[in-house]
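First comes the structure, then the notes that go with it.
As structure tokens, this is what we get:
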């Protein structure tokens, strides 16, 4: 199996795992969170209070009652209400995770079943769409939680880079397959294979040889041409006084 296929599988697997860390953050898990600020831990589906351990129910985005959570973030120019509205865009995290999972399944299918230029083209197109979704996830996290963005949020950026890398590997792999196919086609049209212990004269009557060099009579005529020329030259020399 080609090395590029292994590289493609590893890169997409890492991208899927990195996005999984960010998606299963607080309140689904207590130790993984996108941001930690003012005694609260924030995740894709809610937030938790670090002092008493209370967490919100699992939902996408933060409600209007959670606007006080963003108070005091003077480093971010967005007002509190804008941050609350922007939190609704956290829905792109599970969407990007599903797209990356589909990309991973496509890569596994190509690795074990169908390594063709068409399947690689589908991977390239889908990886581009997945990259846009992943990049949007990172931009939403930056606008919401900078400068308190934690390591799962930065892993989203790494995931986006890995997806671009996977797309580049797919392009190279597709180019290689196309080159191999062209070379096989060209050799199949121009080369006739026969056992090494048999000489050319054994196969001089084959269709390919006749097509290139003509019939046996043509070959005989071509072979006698140099002899006739030599004879004419000798006669001309003898006739000179």
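In UniProt numbering, the protein residues as written are 1 to 241.
We treat Cβ as the ideally placed atom computed from N, Cα and C, and that holds for glycine.
It should be emphasised that the depicted structure is a prediction, and the values quoted were computed from it without experimental measurement.
Between 167, 124, 90, which has its C-alpha nearest residue 22's C-alpha? Counting from one through the chain shown, the residue named residue 22 turns up at place 22. Comparing C-alpha distances from residue 22 to each of 167, 124, 90 shows the shortest one belongs to 90.
Apply the 10 Å Cβ neighbour rule to residue 43 and answer buried if 16 or more other Cβ atoms are within range, or exposed otherwise. As a working note, residue 43 is residue 43 in the chain shown. Per the 10 Å Cβ criterion, buried.
Where do the ends of the alpha helix (DSSP H) carrying residue 87 lie? Reading the chain shown from its first residue, position 87 is the one you call residue 87. No alpha helix (DSSP H) contains residue 87, which DSSP labels as neither H nor E.
I need the straight-line Cα distance from residue 28 to residue 143, nearest angstrom please. Indexing the chain shown from 1 puts residue 28 at position 28. Indexing the chain shown from 1 puts residue 143 at position 143. Near 22 Å, if we compare the C-alpha coordinates of residue 143 and residue 28.
What distance in whole Å lies between the Cβ atoms of residue 170 and residue 8, which are believed to be in contact at a cut-off of 8 Å? Looking up residue 8 in the chain shown gives position 8. Looking up residue 170 in the chain shown gives position 170. Right, the Cβ-Cβ distance comes to about 6 Å (below 8 Å), so this counts as a contact.
Going along the chain, which residues of its own chain have a beta-carbon closer than 7 Å to the beta-carbon of residue 56, five neighbours each way excluded? Looking up residue 56 in the chain shown gives position 56. Leaving aside the five residues that flank residue 56 on each side, the residues in its chain whose CB is nearer than 7 Å to its CB run, in chain order, 27, 46, 47.
Between which two residues does the alpha helix (DSSP H) containing residue 128 stretch? Walking along the chain shown from the start, residue 128 turns up at place 128. Segment 117 to 145, the alpha helix (DSSP H) holding residue 128.
Complete runs of the alpha helix (DSSP H) confined to the region 7 to 59 [at least 4 residues]: Listed in chain order, nothing qualifies, since the region 7 to 59 has no complete alpha helix (DSSP H) run of 4 or more residues.
Using a 10 Å radius around the Cβ and a threshold of 16 neighbouring Cβ atoms, would you call residue 63 buried or exposed? Here residue 63 is taken as the residue at index 63 of the chain shown, counted from 1. Residue 63 is exposed by the Cβ-count criterion.
Would you tell me roughly how many angstroms separate the C-alpha atoms of residue 20 and residue 10, rounded to the nearest one? Position 20 of the chain shown, counting from 1, holds the residue named residue 20. Position 10 of the chain shown, counting from 1, holds the residue named residue 10. Residue 20 and residue 10 have their C-alpha atoms some 15 Å from each other.
Pick from 135, 185, 127, 108 that is closest to residue 155, judged by C-alpha positions: Residue mapping note: residue 155 aligns to position 155 of the chain shown, counting from 1. Taking each of 135, 185, 127, 108 in turn and checking the Cα distance to residue 155, the smallest one comes out for 135.
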